[in-house]
Amino acid sequence: PLGEIWKLYTRSLDTPIQTWLNAPRRLLRSFTYTRQQRKLAQVVLNKPAFDYGAETSLRQVASDIKHHLFFQEIDQSMYLKVAQKQILETVSNFLEEHHINTDEFRQRQQMLLNSGIINTGTISNSNLIGSVSDAQVAMSVASAIQPAAPGLQA
């Protein structure tokens, strides 16, 4: 028991002692870093042609907004549909947890996911997809969210 107490005692003192012994080194490191930053700031002020680094990155130069392969376009569409499905599923689960009837919401969710009515382009007042506009879809989804009658659950 006395040996275990000694081990606990040395362990509990080890961290504070190390902290005290390393404090001067940490203070010196902080002072040195601050001094280096001040020197660098003076160089920048006194030398207008200071090299701040590359103007563009290799990633920026290599990236492109156009699809070069058919699979890139398919991947974009797939990931967008996955995100849309997850959002609609989350909203539906939230409504069900709060005892809101989701029958019509689920029907419209299936219509949106299966018919491709969700707009993937720029949203504007005159943007129509098929015969259903963004405003009509939004109003139809909003009208599907109605509280269930008391005592009834979705």
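What the sequence shown shows, in this note's numbering, is residues 1 to 154, in sequence order.
Ideal Cβ positions, reconstructed from N, Cα and C, are used throughout, including at glycine.
{"Asked": "Buried or exposed: Q153, going by 16 or more other Cβ atoms within 10 Å of its Cβ?", "Found": "Because Q153 sits at a pLDDT of 48, beneath the cut-off of 50, its placement in the model cannot be relied upon, and the following sentence gives the value as read from the coordinates. With fewer than 16 other Cβ atoms within 10 Å, it is exposed."}
{"Asked": "Quick one, are the C-beta atoms of Q84 and L112 less than 9 Å apart?", "Found": "yes"}
{"Asked": "Whole angstroms is fine: what's the gap from M78's alpha carbon to T56's?", "Found": "31 Å"}
{"Asked": "Please say whether Q107 and L88 have beta carbons closer to each other than 9 Å?", "Found": "no"}
{"Asked": "Quick check: the Cα distance between E97 and L80, rounded to an integer number of angstroms?", "Found": "26 Å"}
{"Asked": "Could you have a look at A49 and say whether DSSP puts it in helix, strand or coil?", "Found": "coil"}
{"Asked": "What is the rounded straight-line gap between the Cα of K7 and the Cα of R26?", "Found": "28 Å"}
{"Asked": "Buried or exposed: where does L28 fall if 16 or more other Cβ atoms within 10 Å of its Cβ makes it buried?", "Found": "exposed"}
{"Asked": "Thinking C-beta only, is V91 closer than 9 Å to F105?", "Found": "yes"}
{"Asked": "Do H68 and Q76 have their C-beta atoms within less than 9 Å of each other?", "Found": "no"}
{"Asked": "Could you give the distance in angstroms between the alpha-carbon of L2 and the alpha-carbon of P24?", "Found": "35 Å"}
{"Asked": "Between R35 and S63, what straight-line distance do the alpha-carbon atoms span, to the nearest angstrom?", "Found": "39 Å"}
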